[in-house]
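Be aware that the sequence shown starts at -2, since it is given in the working numbering, and climbs by one per residue.
Yeah, the Cβ is synthetic: ideal placement off N, Cα and C, and Gly gets one too.
Structure record follows, encoded as structure tokens.
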Amino acid sequence: MKTLLRHLPTLLVALLMICGCGKLEDEYNNRYRCRFFFNNAIHNNTKVQSACSSWGTFIHITLTGNRTVKIEAFGQDADLVQPVASEQPELWALGIDNGSGLFIGSSSFNTGTIYAFDGQCPNCYSGGMTSHRLAFSQSGQWVTCPTCHRSYDLNNGGLVVQGEAGSKLYRYRASYSGQILQVNN
């Protein structure tokens, strides 16, 4: 008994380490191709700057005709930006459906981390060509699917916060250097 009590703290620490460690690769989606490169030193877009440096601010990036980037922030007019050749727009792929785009920003809860979520509802999309494009709600902190009416919290890892339980949003790796925004998998 004394031996067990002596090793109990070590066993508890080991158990906590095992339980607390999830696979990092499970955090990011590798199933759907995602590649986006945006040089804000060239474009000087205040929406991109704000989303990547202000906590709790998110933007919705989509592609329009001629590979133009549409940048939307909740409650503001959209910006249309023409990419430059060095950004390689011909190689861009925005997740499941280029038309649904990406939601990108910095969480209120995790300072310094840039999040990029697929703009497609993960619970409605089943591999078909039908788009289930998410839209901003709750002052730009949530996105909602018009089909299943689930809402996802962008500040909380893309978890379902309203509606029927289901999968969280697909997330891609993202970084912002103060000038360059990169999203990929």
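- Item | K67, enclosing beta strand (DSSP E) - first and last residue | 66 to 70
- Item | V140 - partner residues in DSSP beta bridges | F133, Y149
- Item | Residues near T144 by beta carbon distance below 6 Å, same chain, minus five either side | C121, H129
- Whole runs of the beta strand (DSSP E) within the segment 82 to 108, excluding any shorter than 3 residues: 99 to 103
- Message: Can you tell me where the alpha helix (DSSP H) holding N37 begins and where it ends?
- Response: 37 to 40
- Message: Strictly under 8 Å for the Cβ-Cβ distance: is L91 near chain B by that measure?
- Response: The structure shown has no chain B; it contains just one protein chain.
- Task: Enumerate in chain order the residues of its own chain whose CB-to-CB distance from Y29 is below 6 Å, with the five nearest sequence positions on each side excluded.
- Result: G92, I93
- Query: Which residues share a DSSP beta bridge with R28?
  - Reply: DSSP output for R28 lists no bridge partner at all.
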